[in-house]
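Notes for the one structure printed next.
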Amino acid sequence: MAVLVGYGVLLLANRQLAALSRYDAHSDGVYALQKKLTESAEIPDSTEMQRRISSMLLPGVTVWLEGAPGAAETLGPLESTASRLARQVDGPVSFREGGGIFLTYANPVLLSSGPARLHVLEDFSADAGRERITQLLLIAMAGMTALLTSALLRLVMEGGLRPLQRLGNSVAAISADGLGRQRLQEQPQPEELQPIALAFDDLLDRLAISFERQRDFVDGVSHELRTSMTLISGYAQRLQRQAEQTSSTRERDPASDVDSDGAAAEMIAPLALIQGEAERVGRLVSDLLAIARDEAGHLEVSHQVIDVELLLLATYEQLVDHAGSRLRLLAPVEAEVLVACGDADRLQQCLTNLVENALKYADPGSPIELFATSQCTPKTTPQASGESLACSAEVVVVHVRDRGPGVADAEKERIFERFVQGSASSRRRGSGIGLSVVKLLMERMGGEARVVDAPGPGGGSDFQLLLRRFSSKDPLP
Numbered sequence: 021m022a023v024l025v026g027y028g029v030l031l032l033a034n035r036q037l038a039a040l041s042r043y044d045a046h047s048d049g050v051y052a053l054q055k056k057l058t059e060s061a062e063i064p065d066s067t068e069m070q071r072r073i074s075s076m077l078l079p080g081v082t083v084w085l086e087g088a089p090g091a092a093e094t095l096g097p098l099e100s101t102a103s104r105l106a107r108q109v110d111g112p113v114s115f116r117e118g119g120g121i122f123l124t125y126a127n128p129v130l131l132s133s134g135p136a137r138l139h140v141l142e143d144f145s146a147d148a149g150r151e152r153i154t155q156l157l158l159i160a161m162a163g164m165t166a167l168l169t170s171a172l173l174r175l176v177m178e179g180g181l182r183p184l185q186r187l188g189n190s191v192a193a194i195s196a197d198g199l200g201r202q203r204l205q206e207q208p209q210p211e212e213l214q215p216i217a218l219a220f221d222d223l224l225d226r227l228a229i230s231f232e233r234q235r236d237f238v239d240g241v242s243h244e245l246r247t248s249m250t251l252i253s254g255y256a257q258r259l260q261r262q263a264e265q266t267s268s269t270r271e272r273d274p275a276s277d278v279d280s281d282g283a284a285a286e287m288i289a290p291l292a293l294i295q296g297e298a299e300r301v302g303r304l305v306s307d308l309l310a311i312a313r314d315e316a317g318h319l320e321v322s323h324q325v326i327d328v329e330l331l332l333l334a335t336y337e338q339l340v341d342h343a344g345s346r347l348r349l350l351a352p353v354e355a356e357v358l359v360a361c362g363d364a365d366r367l368q369q370c371l372t373n374l375v376e377n378a379l380k381y382a383d384p385g386s387p388i389e390l391f392a393t394s395q396c397t398p399k400t401t402p403q404a405s406g407e408s409l410a411c412s413a414e415v416v417v418v419h420v421r422d423r424g425p426g427v428a429d430a431e432k433e434r435i436f437e438r439f440v441q442g443s444a445s446s447r448r449r450g451s452g453i454g455l456s457v458v459k460l461l462m463e464r465m466g467g468e469a470r471v472v473d474a475p476g477p478g479g480g481s482d483f484q485l486l487l488r489r490f491s492s493k494d495p496l497p
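21 is the number of the first residue of the sequence shown in the numbering used here; add one for each residue after it.
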């Protein structure tokens, strides 16, 4: 910008200097011409003056007398304009006519017949053309200089900002796992960026310490809570069994203590409630621990071969006492054994959350079905006529299907967000983290969690967990 402004000032100065130069040259020429015309000691008459003027004609210069006999008849349109302007201004006058630039000047002269005015008209059109060429050259030079300056400035700026860009890339590459290992000062930094790199390294140290303390705190608290919940659940189960044994003894021996038998019978339901709540809190602690470890970058998810049908059977046996006859394990629908790649414990945690969700929101007494299928993703290339559709990727889909109120289309994505509950859960107790943990764990296993409408007239929801199907061609994890 400064270069363009400088060239603009230079262009204006060049125009002003050219105009002043024309004025000076014209004034000097008029003065020299008048001096030669009147250098004789005798005062000439108009005829003699016209003869002298004719003998001294110069290229581009027109001279005539005004006020002398016969002078008016010799004036053309250009001379008439010059004569009119000269009478209005005392001194050289510049004007444009027919695309040319002219200067005119009128000086009084004394003739034998009386005073007259000597008019000099000079054509500067050729000089103006050269000036325009000079101005165009200046404009072209200004443009070229601006482009060259911009290119050089860009190179300088890129070179100056490259260290800052490298620093930004290094900062962006730092992960939560590498807070305690990666350092910016280990890389060569310019002197100007060294304080920033040093301050950022100090910040990384503080963050690493904070994350380590947070992880230790979460691990410690979760361990204590899970231990307590396990003890509570275990004692509740033990007391429940004792109460059931006492009640059954009373049935076999009516002569036993009635009061103690009645008290034991009354404790069966509260103990079952305590056990159920302890298990629910234990699952909630596991979910919170998974979220905290993921945010700290320390969530451990293994990738192993999973026999999906065996996992479904284990999940069913674990939850059937709690879910009762509502939970149903459907027979395999695939001819081949479904084997997936993932973490068996994490997948079972996801299934437990989905079954708990269905037990909570589906209609009481409605069935909850567990089963698995395979899904083929077709290739995008067209198949020949009669050819079967080949798979570009095959996944195992684990289903948890209920006959509840279903999930609205607008909520099918949002219910997997943390602390978000669907409209059907407005009157039921829930933490809003169970489905978010399902989504989190499935993504960490390279899979996906989704919900679709259950087929059939009964309605409901079909929660699906998708994992890559293990092939015999795949290397063992």
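Ideal Cβ positions, reconstructed from N, Cα and C, are used throughout, including at glycine.
CB Arg-488 to CB Gly-466, shorter than 8 angstroms?
yes
How should Phe-237 be labelled, buried or exposed, when 16 other C-beta atoms within 10 angstroms of its C-beta is the threshold for buried?
exposed
Quick one: what's Asn-127 bridged to in DSSP?
Leu-138
Drop a sphere of 10 angstroms on the beta-carbon of Pro-112, count the other beta-carbons inside from all chains shown, and report buried for 16 or more, exposed for fewer.
buried
If you pair each beta-carbon of the segment 468–485 with each one of the segment 418–430, do three or more pairs fall below 8 angstroms?
yes
Grouping DSSP H, G and I as helix and E and B as strand, with all else coil, what is Glu-212?
coil
Closest by CA to Leu-332, which one among Ala-193, Leu-485 and Val-457?
Leu-485
Could you give the DSSP three-state label for Ser-491: helix, strand or coil?
coil
Which class does Leu-349 belong to by DSSP, given the choice of helix, strand or coil?
strand
Alpha carbon of Phe-231 to alpha carbon of Arg-182, nearest angstrom
32 angstroms
Check Ser-521 in the structure and name its three-state DSSP category.
No answer is possible for residue 521: the residues shown for the chain start at 21 and end at 497.
Near Gln-209, what residues of its chain come up, given a Cβ to Cβ distance below 6 angstroms and the 5 sequence neighbours on each side ignored?
Ala-217
Specify the secondary structure class of Asp-307 as computed by DSSP and reduced to three states.
helix
Residue environment, Ala-256, which counts as buried when at least 16 other CB atoms sit within 10 Å:
buried
Would you mind sorting Cys-396 into buried or exposed? The rule is 16 or more other CB atoms within 10 Å of its CB.
exposed
Residue range of the unbroken alpha helix (DSSP H) whose run includes Glu-463:
454–464
What number of angstroms, rounded off, separates the C-alpha of Gly-480 from the C-alpha of Leu-291?
32 angstroms
So, does the segment 311–326 touch the segment 343–357, judging by three or more C-beta pairs under 8 angstroms?
no
Roughly how many angstroms lie between the CA atoms of Thr-169 and Asn-189, to the nearest whole one?
29 angstroms
Near Leu-37, which residues of its chain fall below 8 angstroms by C-beta distance, leaving aside the five closest residues on each side in sequence?
none
Taking just the CA atoms, how far does Glu-468 sit from Ser-491?
19 angstroms
If you follow the alpha helix (DSSP H) that Glu-337 is in, where does it begin and where does it stop?
328–343
DSSP three-state label for Glu-297, please.
helix
Would you kindly work out how many angstroms separate the C-alpha atoms of Pro-135 and Glu-86, rounded to a whole number?
9 angstroms
Since Leu-184 and Leu-223 should fall inside the 8 angstroms C-beta cutoff, what is the C-beta to C-beta distance between them, to a whole number of angstroms?
Rounded, the Cβ-Cβ distance is 17 angstroms, inconsistent with contact.
Between the CA atoms of Val-109 and Arg-137 - distance to the nearest angstrom
14 angstroms
In the DSSP assignment, what are the bridge partners of Glu-414?
Cys-396
State the Cα-Cα distance for the pair Thr-335 and Arg-346, rounded to the nearest angstrom.
14 angstroms
Going by DSSP, what residues sit across from Leu-485 in a beta bridge?
Val-418 and Ala-469
Could you give the distance in angstroms between the alpha-carbon of Thr-393 and the alpha-carbon of Val-417?
5 angstroms
Cβ-based neighbour list, Gly-120, same chain, cut-off 7 angstroms, excluding 5 preceding and 5 following:
Asp-143 and Ser-145
So is Ser-405 buried or exposed if we call it buried at 16+ other beta carbons inside 10 Å?
Model confidence at Ser-405 stands at a pLDDT of 38, short of 50, so the residue's coordinates are unreliable; what they give is reported in the following sentence. Answer is exposed; the Cβ neighbour count stays below 16.
Helix, strand or coil for Val-440 per DSSP?
coil
Coarse secondary structure for Phe-144, derived from DSSP in three states:
coil
Val-457 versus Arg-464 - alpha carbon distance
10 angstroms
Can you tell me whether Gln-295 is buried or exposed, with buried defined as 16 or more other CB within 10 angstroms of its CB?
buried
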